[in-house]
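Participant: All you need for our numbering is the position in the sequence shown, starting with 1, plus 8.
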Amino acid sequence: MQYPQRFSDLPEYAFPRLRALLDPVSPGGEPLPMSIGEPMHPLPPMLDEVLAQNTAGFAKYPPNEGVPALRNAICDWVSRRYQVELDADRHILPLNGTREGLFAACIALVPETKNGARPVVLLPNPFYQCYAVSAMTAGAQPVYVPATADNGFLPDFAAVPRDLLERTAAVYMCSPANPQGAVADESYWNDLLNLAEEHDFRIFADECYSEIYRDAPPVGALSVARDHDPERVMAFHSLSKRSNLPGLRSGFCAGGPRTIAAMKQLRSYAGAPLPIPAQMAAAAVWADEAHVRANRALYAEKFDLADRTLADMPGYTSPQAGFFLWIAVRDDEEMTVRLWREDGVKVLPGSYLSRDTDPRLGGGNPGAGYIRVALVAPKQDVARGLQAIRVQIESERGAAT
9 MQYPQRFSDL
19 PEYAFPRLRA
29 LLDPVSPGGE
39 PLPMSIGEPM
49 HPLPPMLDEV
59 LAQNTAGFAK
69 YPPNEGVPAL
79 RNAICDWVSR
89 RYQVELDADR
99 HILPLNGTRE
109 GLFAACIALV
119 PETKNGARPV
129 VLLPNPFYQC
139 YAVSAMTAGA
149 QPVYVPATAD
159 NGFLPDFAAV
169 PRDLLERTAA
179 VYMCSPANPQ
189 GAVADESYWN
199 DLLNLAEEHD
209 FRIFADECYS
219 EIYRDAPPVG
229 ALSVARDHDP
239 ERVMAFHSLS
249 KRSNLPGLRS
259 GFCAGGPRTI
269 AAMKQLRSYA
279 GAPLPIPAQM
289 AAAAVWADEA
299 HVRANRALYA
309 EKFDLADRTL
319 ADMPGYTSPQ
329 AGFFLWIAVR
339 DDEEMTVRLW
349 REDGVKVLPG
359 SYLSRDTDPR
369 LGGGNPGAGY
379 IRVALVAPKQ
389 DVARGLQAIR
399 VQIESERGAA
409 T
C-alpha cells in the first residue's frame, strides 16, 4: 500500500489556511464566527439525564461494534426515515463521529489495484477534506469532479473520462451538499448506482446534513439502493448537525454485511469506540424527533432571513438544505479579509474547500470566487452578518464597475 511520503503531500486543511489569512488582521467589530459549521442551537433535552444515568459505563471498555441499545436505535431511525429494514448486528457500525468512518472507508474497502492500475477515488469538488486524505492514505488517486452552478452543484460523475472510471474503486457523494446545500434526488442516486454497477465501484454517501432541510426530506442513498447490490452503498449519518451535538462525536455507517465487517475489522485495530455513557445518550437522541423538528424550524427562520437579505444579489443561491450559504464574489480571499477587517464577520474562502480540477473535467478551482457562510449563530447575529455581507458585496461590485 502506498502512503503519502510526507505530510506536505496531503491537501492543506482549510481552517489553518483561514487562520493564516486572518491572524494578521484585526477584526473591525464584535467577532462573529460564520466560517465553521459548529451548531449553536439548544441541546436535546434528554441528554443530561441519560448521561447521568449511565456514568458507571465509564468504568468499562466500550465494545468495538457499539452497544446493542445504540445499534437498535439507529436501525429504528433508519426504518422510520428511509423505510429500509436493517439488521443491527450486520448492517450498522456506530462511529466516533462520521469523520472516523469517512476516513476509514478507503483504507478498509479500496483495493491496492483496480484493473491492474492504481485505483481512483472520485470526490465532489468542493469537498470535505478528509475524503481526499482517506484516498491518498489508501494509496488511491483522488480525482476531483466539479460541482458547479452549471450542474446544479451536483457532480457529474458520468462525465469522468472512461480510463479513470475503469480504475475507480469508490465515489464520495455528499447530499445535502457541503457547502452548496444542493440535494441529490432519486434520479441522481439511481444514475450514480447504475454507473457504479457498470464500472464496479462503491458509493460512500455522506448524508450528515440530511435532517436540516427546507421543504421535503432529502432522498437517502439507502432507500434508492434497495434494488441494488447491498454492498454497493455505505451511508454515513451523524448527530452533530441533526441534534446539535458535534462534541458527542456520535455517528454511524450503514451498509452491506461484508462492508460493515471490513469496517469493524479495521476499527478493532485502529478505531476508538465511543464511551458507553455517550452511546446510551446517542441511543436516546436517535429515538427522539421533537428536538429535530425544533432545530429545523430555527434554521428555516434563518434561511428565510438570508433570502430576504440577499435574494436580489447577483451570486446568491438559496440552498435546499444544510446550513451553509455558498455566495459568489469577485475574489474569495479578498472578501474574507474585508468582512473580517471591517465588520468582524468570519467566513471561509471557497477556494480553500476545493482543488484544481483535471483539465479533462474543465480545469480550474470551482470554489474560487465563492465564500461559505454558516448560519449556525443565533438569528440576531446571523442578521448582522448577512447585512455586512450584503454591504461588502455591493461595495465590491461598485468598485469593479
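We treat Cβ as the ideally placed atom computed from N, Cα and C, and that holds for glycine. Since this is a predicted model, take the numbers as computed values, not measurements.
Take the Cβ of residue 145 as the centre, count every other Cβ of all protein chains shown within 10 Å, and call the residue buried at 16 or more, exposed below.
Facilitator: Buried.
Participant: Rounded to whole angstroms, what is the Cα-Cα separation between residue 88 and residue 296?
Facilitator: Cα to Cα, residue 88 sits roughly 11 Å from residue 296.
Participant: Give a yes or no on whether the C-beta atoms belonging to residue 124 and residue 288 are separated by under 9 Å.
Facilitator: Contact: no.
Participant: Which residues in the same chain as residue 240 place their Cβ atom closer than 8 Å to its Cβ, once the five residues preceding and following it in sequence are excluded?
Facilitator: These residues qualify, in order along the chain: 201, 204, 205, 210, 211, 233, 264.
Participant: Relative to the C-alpha of residue 317, which residue among 191, 353, 398, 151 is closest?
Facilitator: The shortest C-alpha separation from residue 317 is found at 398.
Participant: Are the CB atoms of residue 333 and residue 324 within a distance shorter than 9 Å?
Facilitator: Yes, Cβ-Cβ distance for residue 324 and residue 333 is below 9 Å.
Participant: Whole-angstrom Cβ separation of residue 254 and residue 46, contact assumed at under 8 Å?
Facilitator: With 8 Å as the limit, residue 254 and residue 46 qualify as a contact, their Cβ atoms being about 6 Å apart.
Participant: If we ignore side chains and look at the alpha-carbon of each, how far apart do residue 328 and residue 68 end up?
Facilitator: In a straight line, the C-alpha of residue 328 is about 43 Å away from that of residue 68.
Participant: By DSSP's criteria, residue 378 is part of a beta bridge. Which residues make up the other side?
Facilitator: Its beta-bridge partners are 336.
Participant: What ranges does the beta strand (DSSP E) occupy inside the segment 51-106, keeping only unbroken runs of at least 3 residues that lie completely in it?
Facilitator: The segment 51-106 contains these whole beta strand (DSSP E) runs: 100-104.
Participant: Note the first and the last residue of the continuous beta strand (DSSP E) segment covering residue 287.
Facilitator: Residue 287 -> not in any beta strand (DSSP E); alpha helix (DSSP H) instead, spanning 284-294.
Participant: Below 8 Å on the Cβ atoms is my guess for residue 190 versus residue 181; work out the distance and round it to an integer in Å.
Facilitator: Wrong, their Cβ atoms sit about 11 Å apart, outside the cutoff.
Participant: Which word fits residue 355, buried or exposed, when buried means at least 16 other C-beta atoms lie within 10 angstroms of its C-beta?
Facilitator: Residue 355 should be labelled buried.
Participant: Starting from residue 152, trace the beta strand (DSSP E) in both directions and tell me its first and last residue.
Facilitator: Per DSSP, residue 152 belongs to the beta strand (DSSP E) from 149-154.
Participant: Give the straight-line distance between the Cα atoms of residue 122 and residue 188, rounded to the nearest whole angstrom.
Facilitator: About 32 Å.
Participant: Cutting at 6 Å between CB atoms, please list the residues of its own chain near residue 360, excluding the five before and the five after it.
Facilitator: Closer than 6 Å at the Cβ level, and outside the excluded window around residue 360, lie 22, 25.
Participant: Could you tell me the alpha carbon to alpha carbon distance between residue 42 and residue 303, rounded to whole angstroms?
Facilitator: Their Cα atoms are separated by approximately 18 Å.
Participant: Taking the alpha carbon of residue 75 as the reference point, which residue from 278, 97, 227 has its own alpha carbon closest?
Facilitator: With distances taken between Cα atoms, residue 75 lies closest to 97.
Participant: Which same chain residues, not among the five before or five after residue 390, have their C-beta less than 6 Å away from its C-beta?
Facilitator: Same-chain partners within the cutoff: 310, 383.
Participant: Considering only C-alpha positions, which residue in the set 217, 179, 222, 236 is nearest to residue 198?
Facilitator: It is 236.
Participant: On the three-state DSSP scale, how would you describe residue 358?
Facilitator: Three-state result, residue 358: helix.
Participant: Is DSSP giving residue 111 helix, strand or coil here?
Facilitator: Helix, per DSSP.
Participant: Given a threshold of 16 other Cβ atoms within 10 Å of its Cβ, counted over all protein chains shown, does residue 363 qualify as buried or as exposed?
Facilitator: That one is buried.
Participant: Who does residue 122 pair with in a DSSP beta bridge?
Facilitator: Per DSSP, 125.
Participant: Could you name the residues of the same chain whose beta carbon sits closer than 7 Å to that of residue 119, not counting the 5 residues immediately before and after it, in chain order?
Facilitator: Cβ neighbours of residue 119 beyond the five flanking positions: 127, 177.
Participant: Applying the 10 Å Cβ sphere with the 16-neighbour rule, what's the burial state of residue 139?
Facilitator: With 16 or more other Cβ atoms within 10 Å, it is buried.
Participant: Which two residues bound the contiguous alpha helix (DSSP H) that contains residue 220?
Facilitator: Taken as a continuous stretch (DSSP letters only), residue 220 belongs to no alpha helix (DSSP H), as it is neither H nor E.
Participant: Rounded to whole angstroms, what's the CA-CA distance from residue 9 to residue 358? Just pull it up for me.
Facilitator: In this predicted model, residue 9 has a pLDDT of only 47, less than 50, meaning its place in the structure is not dependable; the value taken from the coordinates is given anyway. Those two C-alpha atoms are separated by around 32 Å.
Participant: Check whether the segment 212-232 and the segment 265-275 touch, using three or more Cβ-Cβ pairs below 8 Å as the test.
Facilitator: No contact exists between the segment 212-232 and the segment 265-275.
Participant: Report the rounded CA-to-CA distance for residue 393 versus residue 353, giving the unit in angstroms.
Facilitator: Their backbone Cα atoms lie some 6 Å apart in a straight line.
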